[in-house]
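The numbering of the first sequence is the numbering used here, which starts it at -9 and goes up by one. We treat Cβ as the ideally placed atom computed from N, Cα and C, and that holds for glycine. This report refers to the structure that appears directly beneath it.
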Amino acid sequence: MSMKAECFNPELTINSGQMFLWQKKKDAWYGIHADHVLKLSIDDQHADKKEGRIKYDSFPEDRGWEKRLFRMDDDIDKILNIISFDPLVRSSVMRYPGLRVMRQDPIQCMFSFLCASNINIQRIRKILFNLCNRFGKKMTVDGDQFFMFPRPRDLHAANIAEIVNCGTGYRAKSIKMLASKIHNREIVPQELIRMSYEDAKRSLLDIYGIGDKTADCILLFSLEKLEAFPIDTWIARIISNKYEILLGKNNMGTSSLRHHLSHQQYRFLSSRMRMHFGAYAGYAQQYLYYYSRHIAGRKW
DNA sequence: GTACAGGCAGTAT
DNA sequence: ATACTGCCTGTA
């Protein structure tokens, strides 16, 4: 069976819960990516042609951003074939053609998932847009105003109260502490990228407010660790329903899995899934995650 | 009112 | 190691 890379679907990928700061205006999608506004427009006039149907722009210009953001440098045919040995992943790959893992800006990704704990996607978006509006630089694109993602130094300099006012709640302390660590170069994204998965994960877990799940999201979506397998409530649900066989006999009841995962349980499950899917477990996770939310009827 | 949402840290045992 | 708790805040 061959998977077709040309069926890449940017709209589906943007809306798959990996990235939070994209919005649709008229017939185009606009995304905040660090200090750039990215624009993706569907050219309906050329809908009959496969090539060049999607137009990619960036402000300021940044040629080839789509290749980096959507990981077009991955050998997607190979990856999908490898993870499709698993029947459920295989059916998800066929069911959601064009879904990809994104390669986000590491700093934006860290703050985004740091904000994501204990809330739903709508609220994550709201908080992040508020932070941009309050602390980010303004840019006008196509007559609309956009606010870039805040720089760590600006969040580092902010009052906790100002951050709380963006709707972050108790996350404000974590945001400020992460900003300080990046500003002081205690955390350097390029170094984390060079490290192994395990070493980079340990570094992330040292950051206040970052636990197993958040760390794995950052590793997968921005630090080149495609073996990372984040387990959130949706993935936990699908594991308990469909992958009981991988859980081991006496380890945990599938019921406890739906509620809270201890650190030990998370480590165990995550490494089991990594053993099962291999070096591209993160891609498998993304397809399973999408499937799990889709069958639950979530509207993203 | 109160339960819940893509977790996490802190404390006691 | 595990069990249990509180946490900001918006929405149903």
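Report task. Give, in chain order, every unbroken run of the beta strand (DSSP E) that is at least 3 residues long and sits entirely within the region 24 to 91. Result -> 26 to 32 and 44 to 49
Requested in this report: Grab the span of the beta strand (DSSP E) containing Q13 for me, first residue to last.
Outcome: It spans W12 to K15 - the beta strand (DSSP E) in which Q13 sits, taken as one unbroken run.
Query raised in the report: Thinking C-alpha only, which one of Q135, L213, M100 and I221 is nearest Q255?
Result: Of the listed residues, the one whose Cα sits closest to Q255 is I221.
Query raised in the report: With a Cβ-Cβ cutoff of 8 Å, do L89 and Y277 count as a contact?
Result: yes
Query raised in the report: Taking the alpha helix (DSSP H) that M100 falls in, what are its first and last residues?
Result: P96 to L104
Query raised in the report: Looking only at C-alpha atoms, which of S212, W224, T158 and D134 sits nearest to W19?
Result: Of the residues S212, W224, T158 and D134, the one whose Cα lies closest to the Cα of W19 is D134.
**Report entry** Residue from P140, K232, S48 and N231 whose Cα sits closest to the Cα of I117
**Finding:** Closest by alpha carbon: P140.
Query raised in the report: So, helix, strand or coil for M265, using DSSP?
Result: Secondary structure of M265 (DSSP, three-state): helix.
Query - Nonlocal neighbours in the same chain, by C-beta distance under 8 Å from M185, ignoring five residues either side - result: S193
Query raised in the report: Straight-line CA distance for L104 to C207?
Result: If I take the Cα positions, the gap works out to 10 Å.
**Report entry** Cβ separation of Y187 and E152, assumed to be a contact under 8 Å, to the nearest whole Å
**Finding:** So it is not a contact: roughly 35 Å between Cβ atoms.
Query - Buried versus exposed, by CB contacts within 10 Å (16 or more), Q112 - result: exposed
Query - Exposure of S252, with buried meaning 16 or more beta-carbon neighbours within 10 Å - result: Label assigned to S252: exposed.
Query raised in the report: What three-state label does DSSP hand F119 in the structure shown?
Result: Under the three-state reduction of DSSP, F119 is assigned to helix.
Requested in this report: Express the C-alpha separation of R283 and G7 in angstroms, rounding to a whole number.
Outcome: 10 Å
Query - Presumed contact (8 Å Cβ cut-off) between K171 and I150, rounded CB distance - result: Not confirmed; about 16 Å, so no contact.
Query raised in the report: Is it true that the CB of G272 sits closer than 8 Å to the CB of I72?
Result: No, Cβ-Cβ distance for I72 and G272 is not below 8 Å.
Query raised in the report: Do R124 and H173 have their CB atoms nearer than 8 Å?
Result: no
**Report entry** Limits of the unbroken alpha helix (DSSP H) element including K191
**Finding:** Per DSSP, the continuous alpha helix (DSSP H) segment holding K191 begins and ends at Y187 to L195.
**Report entry** alpha helix (DSSP H) runs contained entirely in the region 143 to 178, provided each spans 4 or more residues
**Finding:** 150 to 153 and 161 to 173
Query - The alpha helix (DSSP H) enclosing D202, as first and last residue numbers - result: D202 to S212
Query raised in the report: Candidates R53, V91 and F49: which alpha carbon is nearest D65's?
Result: V91
Requested in this report: State the Cα-Cα distance for the pair L209 and V178, rounded to the nearest angstrom.
Outcome: 13 Å
Query raised in the report: Tell me, which residues are paired with W19 by DSSP?
Result: K14 and L30
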